[in-house]
Amino acid sequence: MTQAPAEASAKPSISRDAALRIAMAARILPEISVGQLLEILMRRIGGEINEDTLSTITVTDLKTGFGSADGEEDGEDISLGLPAIKEAVRILWGELADDELPPTNPAAADMPGSIRIAVASNNGEQVNGHFGSCLRYLVYQLSPETYELIDVRSAVEADLSDDRNAFRANLINDCHVLLIQSIGGPAAAKVVRAGVYPMKVKETSTVRMELERLQSVMVNSPPPWLAKILGTDGDLKKRFLTEDDE
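Add 35 to a position in the sequence shown, counting from 1, and you land on the number used in the working numbering.
See the structure below:
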């Protein structure tokens, strides 16, 4: 009686934290899906995938794995850049921190006369993320006088969801505005249905620049989309709408 190969009988178990690290690492590797990266890691580790086994992965392991997938045995001619591979290994090792972010102040969520802003970001206080691939959303409470970071929401679990765009939209559905570098049409529709107004930033920008720009608009002459948001609260509308605003 012929036995089935051991590797075909069952897939190795993966811890939740390891799955999130893999999803995050795949996001910074151009043209590499979570499934492709997972397959390479399974071949290299050969057993349970967890935080300890991921810490054994090296840059050479990934270069060789990607090279084999591209038909390049030594991995030297693969299209992926070495810096991206090094960063992926760092993420797999768990060496990812919330860099250059001020502490959150959840109490500021009740700031009088304010609106809530989500920012698609990959690092620091930068507006540099695509809606469908950014690592996190920075959530700010914004009034004409001040703003506060109230939350940092990781988006890595979106890759484990059946509908990634819906997951992301639900992640920020308590916000009024989303600042992003880019967003596709179907994703934008889901964001709007969640009650959030997507606002594109043409170039990589700092959060400070964009929030101060919004503050100026709120005080002086809010455009129709912002007037509509402010109109969801009678006090806000009275405070910010000018007499000649249409």
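Positions of the beta carbon are idealized from the N, C-alpha and C atoms, including for glycine.
Note that the structure is predicted; figures quoted are calculated from it, not measured.
Item: Applying the criterion that 16 or more other CB atoms from any shown protein chain within 10 Å of the CB defines a buried residue, is proline 138 buried or exposed?; Value: exposed
Item: Excluding five sequence neighbours on each side, which residues of the same chain lie with their C-beta closer than 8 Å to the C-beta of glutamine 161?; Value: Thr239, Ser240, Thr241 and Val242
Item: By the three-class DSSP mapping on this structure, what secondary structure does lysine 237 have?; Value: coil
Item: Quick one: complete beta strand (DSSP E) runs, 3+ long, within the segment 165 to 210?; Value: 171 to 177 and 182 to 189
Item: Measure how close the beta-carbons of proline 233 and asparagine 200 come, nearest whole angstrom, since I'm counting them as under 8 Å.; Value: That pair is no contact at about 12 Å.
Item: Give the range of the beta strand (DSSP E) segment to which alanine 155 is assigned.; Value: 150 to 156
Item: Which of the three DSSP states is assigned to serine 217 in this structure?; Value: strand
Item: How should aspartate 186 be labelled, buried or exposed, when 16 other C-beta atoms within 10 angstroms of its C-beta is the threshold for buried?; Value: buried
Item: Taking all protein chains shown into account, do 16 or more other C-beta atoms lie within 10 angstroms of the C-beta of arginine 203, making it buried, or fewer, making it exposed?; Value: buried
Item: Between Asp87, Ala142 and Ala193, which lies nearest to arginine 171 when the distance is taken from Cα to Cα?; Value: Ala193
Item: Given a cut-off of 8 Å, decide if leucine 214 and isoleucine 150 are closer than it, judged by their beta-carbon atoms.; Value: no
Item: Using the DSSP secondary-structure output, state which residues sit across from isoleucine 84 in a beta bridge.; Value: Ile49
Item: For serine 189, which of Ala229, Trp128 and Arg62 has the nearest alpha-carbon?; Value: Arg62
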